[in-house]
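K.L.:
If you count by my numbering, then the sequence shown holds residues 1010 to 1091, one letter each, in order. We put the CB at the ideal spot given by N, CA and C, even for glycine. Here's a structure for you.
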Amino acid sequence: MSRVTGLSADGTRGTFEFDLTGHEARRRAEVLAALGDSWDPVAVLADEAAAQRLLYSGLDADQQALYARLVADGVLPAAEQG
């Protein structure tokens, strides 16, 4: 749905509004359809956490110090406990 509101007296200026609600609902439905019935968001998040732990495991002392600094500065998220 779109509409023009707040027209000036001479009709040359106004506010154009476009409602994307229907388009967003369709986009989300298409994404979920593309993912299929076998998509498991809990498993995906668990795999992401495991990959994150693996990525930052086995760091030497210098790498660990740099990682800690990047976490402290807010550049990287803190490692999950567990």
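Please specify which runs of the alpha helix (DSSP H), each continuous and at least 4 residues long, are wholly inside the segment 1021–1075, giving them in chain order.
P.N.:
1030–1044 and 1050–1064, all fully within the segment 1021–1075.
K.L.:
Could you name the residues that DSSP lists as bridge partners for V1013?
P.N.:
Paired residue(s): F1025.
K.L.:
Let me know the secondary structure DSSP gives A1087 once reduced to three states.
P.N.:
In the structure shown, A1087 sits in coil (DSSP, three-state: anything other than H, G, I, E or B).
K.L.:
By alpha-carbon positions, which one of D1028, V1084 and T1014 ends up nearest to R1022?
P.N.:
Cα-wise, what sits closest to R1022 is T1014.
K.L.:
So, do the segment 1050–1058 and the segment 1029–1038 have three or more beta carbon pairs nearer to each other than 8 Å?
P.N.:
Segments in contact, no.
K.L.:
Is E1033 near R1012, with beta carbons less than 7 Å apart?
P.N.:
No, Cβ-Cβ distance for E1033 and R1012 is not below 7 Å.
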